[in-house]
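The working numbering numbers the first residue of the sequence shown as 2 and each following residue consecutively. All residues carry an ideal CB built from backbone N, CA and C; glycine is no exception.
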Amino acid sequence: MSMNSQGRQTTPEAVDDIAAGVGMLGGRGLLQDEPMLFDAGREDATGTDWPEIEIEDDVLGSLTRDSIGLKGLTEPETVRHYVRLSQYNYAIDLGLYPLGSCTMKHNPRLNEKMARLPGFADIHPLQPVSTVQGALGLIDELAHWLKTLTGMPAVAMSPKAGAHGELCGMLAIRAAHEAAGEGEKRKIVLVPSSAHGTNPATAAQIGYQVVEIKASEDGRVDFEDLKAKLSDEVAALMLTNPNTCGLFERDIMAISEALHAVGAYFYCDGANFNALAGRVRPGDLGVDAMHINLHKTFSTPHGGGGPGAGPVVLSAPLAPFAPVPWVVKTDDGFDVVEHVGEDGNQSFGRLCAFHGQMGMYVRALSYMLSHGADGVKQASEDAVLNANYILARLQDVMTVSYPGGPCMHEALFDERFLAGTGVSTLDFAKAMIDEGYHPMTMYFPLVVKGAMLIEPTESESKDSLDAFADTLRGLVEKAKAGEVERFKAAPVAAPMRRLDETQAARQPKLRWRSSMANDTSAKTEA
Ligand SMILES: *Cc1c(COP(=O)(O)O)cnc(C)c1O
Numbered sequence: 002m003s004m005n006s007q008g009r010q011t012t013p014e015a016v017d018d019i020a021a022g023v024g025m026l027g028g029r030g031l032l033q034d035e036p037m038l039f040d041a042g043r044e045d046a047t048g049t050d051w052p053e054i055e056i057e058d059d060v061l062g063s064l065t066r067d068s069i070g071l072k073g074l075t076e077p078e079t080v081r082h083y084v085r086l087s088q089y090n091y092a093i094d095l096g097l098y099p100l101g102s103c104t105m106k107h108n109p110r111l112n113e114k115m116a117r118l119p120g121f122a123d124i125h126p127l128q129p130v131s132t133v134q135g136a137l138g139l140i141d142e143l144a145h146w147l148k149t150l151t152g153m154p155a156v157a158m159s160p161k162a163g164a165h166g167e168l169c170g171m172l173a174i175r176a177a178h179e180a181a182g183e184g185e186k187r188k189i190v191l192v193p194s195s196a197h198g199t200n201p202a203t204a205a206q207i208g209y210q211v212v213e214i215k216a217s218e219d220g221r222v223d224f225e226d227l228k229a230k231l232s233d234e235v236a237a238l239m240l241t242n243p244n245t246c247g248l249f250e251r252d253i254m255a256i257s258e259a260l261h262a263v264g265a266y267f268y269c270d271g272a273n274f275n276a277l278a279g280r281v282r283p284g285d286l287g288v289d290a291m292h293i294n295l296h297k298t299f300s301t302p303h304g305g306g307g308p309g310a311g312p313v314v315l316s317a318p319l320a321p322f323a324p325v326p327w328v329v330k331t332d333d334g335f336d337v338v339e340h341v342g343e344d345g346n347q348s349f350g351r352l353c354a355f356h357g358q359m360g361m362y363v364r365a366l367s368y369m370l371s372h373g374a375d376g377v378k379q380a381s382e383d384a385v386l387n388a389n390y391i392l393a394r395l396q397d398v399m400t401v402s403y404p405g406g407p408c409m410h411e412a413l414f415d416e417r418f419l420a421g422t423g424v425s426t427l428d429f430a431k432a433m434i435d436e437g438y439h440p441m442t443m444y445f446p447l448v449v450k451g452a453m454l455i456e457p458t459e460s461e462s463k464d465s466l467d468a469f470a471d472t473l474r475g476l477v478e479k480a481k482a483g484e485v486e487r488f489k490a491a492p493v494a495a496p497m498r499r500l501d502e503t504q505a506a507r508q509p510k511l512r513w514r515s516s517m518a519n520d521t522s523a524k525t526e527a
């Protein structure tokens, strides 16, 4: 047993054996191998003792209850099953998580402590308003911070993720055009070629025609191309700033002016707000709607696909169309506006059953209050500094996609340094796993071939950044030295090797049938 560069346990000898095709890895040291529940469980095992049921009359007529053969485990086996599976996972609590565009920053434990206070954790969204004044006050306080940090007059709190926030902002934009009698005419949404896939998907989902704007040589929006595509048929532009290449959109003021001149709105994708928070207010840039990923910028957990939160700040022209519900401050405390049309509002409707992700609100506000306004500013400055440190430490061995200047909060490299080595971006990323690192974002943004997008965030110390940069430098050396096999075989030290991601996406096994339990070839019905 030895330690790899990040201190996770690996066995280099076993790694060599597996690379040479000898044997399976299985459990290593104290890291346990774990089969799936369907393979590990037993039909007669359960973590609960039920009393014998004596059924005299069959109340469901001819329908009788039968066993369907679900596998079970005892209580301690259940705990071990899930803890072992959790150890197959990688997390920000285990090490640096360089996934660009995702802002994988440390979630301070104070956030967790606050979110678990019974007054926040144990309330129900249908409780009478008079009994949840503190929670409503917290939502109002968080809304105040979001509006202040962005320089925007209103915020819709309920969206549950960035993409959901995009939907919210675009529905508000559509409602505003409809209210102005221009709903039919404005059918185009402009999206730059570097955009996150959720932007064009959102626009298309609500019926807009998506028109792509070219990228300029230096990785920004091609302003001439944008101007050529502007007309009174354009409903909005969806633009990320800093953009997905990690660069500030230099022409952003001219862009918002040109949009407003033709009556279009400016939707800003705020996923990269961690580069700007406390330094730049999007409201000052002419933004009309922007989602804020609390799970990125404000440190709430990304939750393995679980709850995020994507409040959307809105400019004065869009504010009247915000979705219900929202919190209002009255003389007696806080109240909730629940209905479209109440007090004459023009809300486009309701996005969520209730108020959004309360637990994430508590975490985000804890983060803000514990950092203070100066601390939030310092965090974004450090995030940018850290990304530039990575850029500086790697630019002589990896190809920088847009050289000639500093980056914002993420550093973008691409595959050109691997030319002639036989190693691809994918192979390089997989080899990082054997070194104990989660790969960076690969093949995104699409405007750069073989992209590798690294976002270290402000959470990392200089030592941690140096260890990471040294590891990547070592891998570059190995690729250049012709160690292709090592890259093609990677990852060999992980519990799982390369997965067939295409099959997993095309034929996901989402249904369990007892006859399927031991039949791994069974296909899921469409
Ligand atoms: C993360 C991200 C999104 C989507 O946010 P989710 O919270 O994952 O839905 C949209 N745009 C960009 C640029 C992002 O990085």
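query: Beta-carbon proximity of Val398 to Val477, cut-off 8 Å; result: yes
query: Glu213 - partner residues in DSSP beta bridges; result: Val192
query: Sheet register partners of Phe121 (DSSP bridge); result: According to DSSP, Phe121 bridges with nothing at all.
query: Contact set for Ile207: own chain, Cβ-Cβ below 8 Å, skip 5 residues either direction; result: Leu168, Met171, Leu172 and Arg175
query: His410: CB within 7 Å of a non-hydrogen atom of ligand 1; result: no
query: First and last residue of the uninterrupted alpha helix (DSSP H) at His1; result: The question about residue 1 has no answer, for the chain in this structure spans 2 to 527.
query: Extent of the continuous alpha helix (DSSP H) run through Ala362; result: First, the residue type needs correcting, since residue 362 is Tyr and not Ala in the sequence shown. Run containing Tyr362: Met359 to Leu395, per the alpha helix (DSSP H) assignment.
query: Closer than 7 Å: Ala365 CB and nearest ligand 1 heavy atom; result: no
query: Whole-number beta carbon distance between Leu100 and Met441, since they are thought to touch under 8 Å; result: 6 Å
query: Reduced DSSP secondary structure (H/G/I, E/B, other) of Met453; result: strand
query: Within 8 Å, strictly: CB atoms of Leu240 and Glu225; result: no
query: With 16 other Cβ atoms within 10 Å as the buried cut-off, status of Ser257; result: buried
query: Terminal residues of the beta strand (DSSP E) in which Met291 lies; result: Ala290 to His292
query: The beta strand (DSSP E) enclosing Asp223, as first and last residue numbers; result: Neither: Asp223 is in no beta strand (DSSP E) and is coded neither H nor E.
query: Best match in Ser300, Arg514 and Leu64 for proximity to Tyr368 [C-alpha to C-alpha]; result: Ser300
query: Cβ-heavy atom distance, Asn294 to ligand 1, below 7 Å; result: yes
query: Any 3 or more C-beta pairs closer than 8 Å across the stretch 309-319 and the stretch 188-198; result: no
query: Proximity to Tyr444 [Cα-Cα], best of Pro404, His303, Gly198 and Ser371; result: Gly198
query: Proximity test, Asp233 beta-carbon vs ligand 1 heavy atom, cut-off 7 Å; result: no
query: Through-space distance from Ala494 to Phe488, alpha-carbon basis; result: 12 Å
query: Endpoints, the alpha helix (DSSP H) within which Lys106 is located; result: Segment: none, Lys106 is in no alpha helix (DSSP H) and carries neither H nor E.
query: Reduced DSSP category for Arg351 - H, G, I as helix; E, B as strand; rest coil; result: strand
query: Ranges of the alpha helix (DSSP H) found wholly within the stretch 273-339, counting only runs of at least 4; result: 295-298
query: Contact belief for Ala470 with Asp415 at Cβ below 8 Å, rounded distance in angstroms; result: Incorrect: roughly 17 Å between the Cβ atoms, too far for contact.
query: CA nearest to the CA of Tyr390, picked from Gly357, Glu456 and Ser425; result: Glu456
query: Whole-angstrom distance between Ala320 and Val449, CA atom to CA atom; result: 36 Å
query: For Val60, three-class secondary structure by DSSP; result: coil
query: Three-state secondary structure (DSSP) of Met441; result: coil
query: Beta-carbon proximity list for Tyr1, same chain, < 7 Å, skipping 5 on both sides; result: Absent from the model: residue 1. The displayed extent of the chain is 2 to 527, so no value can be given.
query: Best match in Lys228, Gly483 and Val212 for proximity to Val424 [C-alpha to C-alpha]; result: Gly483
query: Three-way DSSP call (helix, strand, coil) for Asp435 in this model; result: helix
query: Beta carbon of Ala204 nearer than 8 Å to that of Val190; result: yes
query: Residues bridged to Ala157 [DSSP beta-bridge criterion]; result: Val313
query: Presumed contact (8 Å Cβ cut-off) between Val235 and Arg280, rounded CB distance; result: No, Val235 and Arg280 are not in contact; Cβ-Cβ is about 30 Å, not under 8 Å.
query: Under 8 Å between C-beta atoms of Gly284 and Gly152; result: yes
query: Cα-Cα separation, Arg364 to Ile293; result: 14 Å
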